[in-house]
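**Student:** Quick note, the sequences are listed as chains L and C, same order.
Numbering-wise (this note's numbering), the first sequence opens with residue 1 and increments by one.
Numbering-wise (this note's numbering), the second sequence opens with residue 255 and increments by one.
Don't be surprised by glycine CBs; every beta carbon is placed ideally from N, CA and C.
Structure incoming, see below.
Number of protein chains: 2
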Amino acid sequence: MTKPSEPRVDSTLSKGLSILEKLTSVKVSMGVSELSRELGLTKSNTFRLLQTLVALGYVRREPDKTYAATLKTWQVGRSVVENLNLRTAAAEMMAFLSEETKETIYLAVRDGLNVVYIDKIDSLKPIRSWNPIGGTAPIYCVGTGKAMLSADYPILRDQVGQLLKPFTDKTITDINALDKDMAKTRLRGYAFDAGEFRQNILSFGANIVLPDEEVVGALGVSVPDVNLSEGDVDRIGALVQHAARAVSKNLRML
Amino acid sequence: MTKPSEPRVDSTLSKGLSILEKLTSVKVSMGVSELSRELGLTKSNTFRLLQTLVALGYVRREPDKTYAATLKTWQVGRSVVENLNLRTAAAEMMAFLSEETKETIYLAVRDGLNVVYIDKIDSLKPIRSWNPIGGTAPIYCVGTGKAMLSADYPILRDQVGQLLKPFTDKTITDINALDKDMAKTRLRGYAFDAGEFRQNILSFGANIVLPDEEVVGALGVSVPDVNLSEGDVDRIGALVQHAARAVSKNLRML
DNA sequence: AAAATGCATTCTGTATAGCGGAACAATTTA
DNA sequence: TAAATTGTTCCGCTATACAGAATGCATTTT
């Protein structure tokens, strides 16, 4: 009478995690009775599970005999994000971008005031790209960097403002000009670099974000200006934005 | 035979969480056998626990029959920190400190006898700091920790006294010395660590408090000693203190 | 191509881990 | 002071989660 292959579930583990979830979802600490009522468990059962969670460090027993989630839960969760294999999650959309644009595709994360390229797909056209995997570039003058910068601009503005070193004659070296550019970037949803790092190399970038909007990286496309006809800018920008969104969604399901 | 009151621990829950921890701590996904070997569990046991975790959404089964942690763990953990929206409240003053000092800025909370860094802004100078977000440090030898310790010193003194392990030759390992240092800290209004945790890394800390004086966290600045000229100590100390006060005021309005 | 290893998954009988309910102590409420 | 709620302990029963062996599928070795 049981369904075909009802996945077997260990009730102890299940109940324990439900307690943990309850405790993390609530601002105040809770007592045994309250907890057991809300979760539909026996008092003694709840008590024992709490003891276990305390012993393992996930829950703290307050002096007033109530229980609260510790930061261990958060730490464990954090490491998921840190180990998140962005590369895997992004691979598919990078291939898509490559096919659509035939240009060089980058996957970058931020490291201080630089971007670090953690993956790329080389241009399909006979033009070499200069940035190897592992390579870095200043955050304020490449597509991926400008995208990530725009997200944390309030915090990073003043730091960046001090190192607006020019790389080409297009590089933005005036903080006010950067302010404007960042505002535009946020509005537009993707970043555009008009040859500000490498002469005649334009690039686009859009952020990859976690469900809480935290930026974990960016996708970018690099294009030699000679390859670009009028109208391509909007098209590629939209493509990058779409791809980054798709990767963000992808991350959610990991 | 059994010790006085050995706290009862549900093994199922314990094992389940150990699997989760393992999976979150690792970049790649793992198979049942590998997992069971590393954790010292039976294969069938591991398999069943994994089934449970999958059913609850904490773990994902890959097409290649390996298992990986999902973002659910992260989401659950995140709500712990969210429920104290310290990060938001502190962001502005952290940026201020970063601008004023150019050094690494930390936002920390206390978790037992450790501090946990829940946010940071990296140094603008070309020197890396190696405490990641989520990282921990002993409460008695870093700026943020010493600040928080000084606030609850009557309660924590005896516990801390038992683990005064040295990390550098500057680490305070004598409880009487610590008594004095804590008294000074309270008087001064901010804490100072003279390279007691990391050799040649000095740090400052000041408490963030609720209206009822309860300490909820601390702001800190970390400085390599070579960056410090005479007089900087007082200046940075004052800055940190001021920043922490501002955040405390800010919290009131959230 | 056959044998041997590795894997994930299923099965099953059994021991025991984890359970519910009752009892107790300590507070809080009436 | 009595009644009602707390958190915690105890205990005997049984459903639960267990170990180990068996299965079936892939790879690798011979």
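Please report the straight-line C-alpha distance between residue 276(C) and residue 220(L), rounded to a whole angstrom.
**Tutor:** Rounded to the nearest angstrom, the two C-alpha atoms are 33 Å apart.
**Student:** Any Cβ of chain C within less than 8 Å of the Cβ of residue 217(L)?
**Tutor:** No, because no Cβ of chain C sits closer than 8 Å to the Cβ of residue 217(L).
**Student:** Quick check: is the beta carbon of residue 154(L) nearer than 8 Å to any beta carbon in chain C?
**Tutor:** True, the Cβ-Cβ gap to chain C drops below 8 Å.
**Student:** Report buried or exposed for residue 40(L), applying the criterion of at least 16 other Cβ atoms within 10 angstroms of its Cβ.
**Tutor:** Exposed, since its Cβ has fewer than 16 Cβ neighbours within 10 Å.
**Student:** Would you call the CB atoms of residue 350(C) and residue 497(C) closer than 8 Å?
**Tutor:** Yes, the Cβ-Cβ distance between residue 350(C) and residue 497(C) is below 8 Å.
**Student:** I need the DSSP call for residue 430(C), collapsed to helix, strand or coil.
**Tutor:** Correct three-state label for residue 430(C): helix.
**Student:** With a cut-off of 8 Å, do at least 3 Cβ pairs link the segment 54-66 of chain L to the segment 317-335 of chain C?
**Tutor:** The answer is no - the segment 317-335 of chain C does not touch the segment 54-66 of chain L, with fewer than three Cβ pairs under 8 Å.
**Student:** How would you list, in chain order, the residues of chain L whose beta-carbon sits under 8 Å from the beta-carbon of residue 411(C)?
**Tutor:** Those do not exist, as residue 411(C) stays about 16 Å from chain L at its closest Cβ, beyond 8 Å.
**Student:** When you compare each of 217(L), 249(L) and 18(L) to residue 116(L) by their alpha carbons, which one comes out closest?
**Tutor:** The candidate whose alpha carbon is nearest that of residue 116(L) is 217(L).
**Student:** Could you check if residue 111(L) is buried or exposed, using at least 16 other CB atoms within 10 Å of its CB as the buried criterion?
**Tutor:** Flag for residue 111(L) reads exposed.
**Student:** Measure the C-alpha to C-alpha separation of residue 368(C) and residue 453(C) and round it to an integer number of angstroms.
**Tutor:** Straight-line Cα distance between these residues: approximately 19 Å.
**Student:** Just the chain L side, please: which residues come within less than 8 Å of residue 303(C) by C-beta, in chain order?
**Tutor:** Per Cβ cutoff of 8 Å: 10 and 13.
**Student:** Skipping 5 residues on each side, what residues in its chain have a beta carbon closer than 7 Å to that of residue 225(L)?
**Tutor:** Contacts found: 195, 200 and 202.
**Student:** Could you check what DSSP says for residue 355(C) in three-state terms: helix, strand or coil?
**Tutor:** In this structure, residue 355(C) counts as helix in the three-state DSSP scheme.
**Student:** Nearest-angstrom Cα distance between residue 491(C) and residue 445(C)?
**Tutor:** Rounded to whole angstroms, residue 491(C) to residue 445(C) spans 8 Å at the Cα level.
**Student:** Quick one: is residue 259(C) near chain L, going by C-beta distance under 8 Å?
**Tutor:** Low confidence applies here, because residue 259(C) scores a pLDDT of 39, under 50, leaving its location unreliable; read the following figure in that light. Cβ-Cβ to chain L under 8 Å: no for residue 259(C).
**Student:** Between 169(L), 179(L), 222(L) and 170(L), which lies nearest to residue 161(L) when the distance is taken from Cα to Cα?
**Tutor:** Answer by Cα proximity: 179(L).
**Student:** Distance check for residue 387(C) and residue 20(L), CA to CA, integer angstroms please.
**Tutor:** The straight-line gap from Cα to Cα measures roughly 22 Å.
**Student:** I'd like to know if residue 41(L) contacts chain C, where contact means its C-beta is closer than 8 Å to some C-beta of that chain.
**Tutor:** Chain C, which has no Cβ nearer than 8 Å to the Cβ of residue 41(L), makes this no.
**Student:** How many whole angstroms separate the CB atoms of residue 106(L) and residue 125(L), which I take to be in contact at a CB cut-off of 8 Å?
**Tutor:** So it is not a contact: roughly 16 Å between Cβ atoms.
**Student:** Would you say residue 332(C) lies against chain L (beta-carbon separation less than 8 Å)?
**Tutor:** At least one chain L Cβ lies under 8 Å of residue 332(C).
**Student:** Mind listing the chain L neighbours of residue 352(C)? Cutoff is C-beta to C-beta under 7 Å, in chain order.
**Tutor:** Near residue 352(C) (Cβ distances below 7 Å), the residues of chain L are 159.
**Student:** So, helix, strand or coil for residue 161(L), using DSSP?
**Tutor:** In this structure, residue 161(L) counts as helix in the three-state DSSP scheme.
**Student:** Round the Cβ separation of residue 167(L) and residue 204(L) to the nearest angstrom and send it over; I've been treating them as touching at under 8 Å.
**Tutor:** With a Cβ gap of about 18 Å, residue 167(L) and residue 204(L) do not count as contacting.
**Student:** Span of the beta strand (DSSP E) holding residue 372(C)?
**Tutor:** That run of the beta strand (DSSP E) goes 368-375.
**Student:** Going along chain L in order, which residues have a C-beta closer than 9 Å to the C-beta of residue 320(C)?
**Tutor:** The contacting residues do not exist; residue 320(C) stays about 13 Å from chain L at best.
**Student:** Leaving aside the five residues before and after residue 89(L) along the sequence, list all residues of the same chain whose C-beta is less than 7 Å from its C-beta, in chain order.
**Tutor:** Counting only Cβ-Cβ distances below 7 Å, and skipping sequence neighbours, we find 247, 250, 251 and 254.
**Student:** How many Å lie between residue 171(L) and residue 469(C) at the Cα?
**Tutor:** Cα to Cα, residue 171(L) sits roughly 46 Å from residue 469(C).
**Student:** Could you check whether residue 76(L) and residue 278(C) sit closer than 8 Å to each other, using their CB atoms as the reference points?
**Tutor:** Their beta carbons are under 8 Å apart, which means residue 278(C) touches residue 76(L) by this criterion.
**Student:** Compare the C-beta of residue 62(L) with all C-beta atoms of chain C and state if any pair is closer than 8 Å.
**Tutor:** Judged by the 8 Å Cβ criterion, residue 62(L) is not in contact with chain C.
**Student:** Given that residue 108(L) touches chain C, what residues does it touch there, using C-beta distances under 7 Å?
**Tutor:** Within 7 Å Cβ-Cβ: nothing; residue 108(L) doesn't reach chain C, min ~17 Å.
**Student:** Could you compute how far the alpha carbon of residue 291(C) sits from the alpha carbon of residue 280(C)?
**Tutor:** Between residue 291(C) and residue 280(C), the C-alpha separation is close to 15 Å.
**Student:** Can you pull the chain L residues whose beta carbon is under 8 Å from the beta carbon of residue 365(C), in chain order?
**Tutor:** Residues of chain L passing the Cβ test: 70, 71 and 72.
**Student:** Which partner residues does residue 457(C) have in the DSSP bridge list?
**Tutor:** In the DSSP output, where bridge partners are listed per residue, residue 457(C) has 447(C) and 476(C).
**Student:** Does any residue of chain L bring its CB to less than 8 Å from the CB of residue 448(C)?
**Tutor:** Closer than 8 Å: no.
**Student:** Helix, strand or coil: which one does DSSP assign to residue 234(L)?
**Tutor:** In the structure shown, residue 234(L) sits in a helix (DSSP, three-state: H, G or I).
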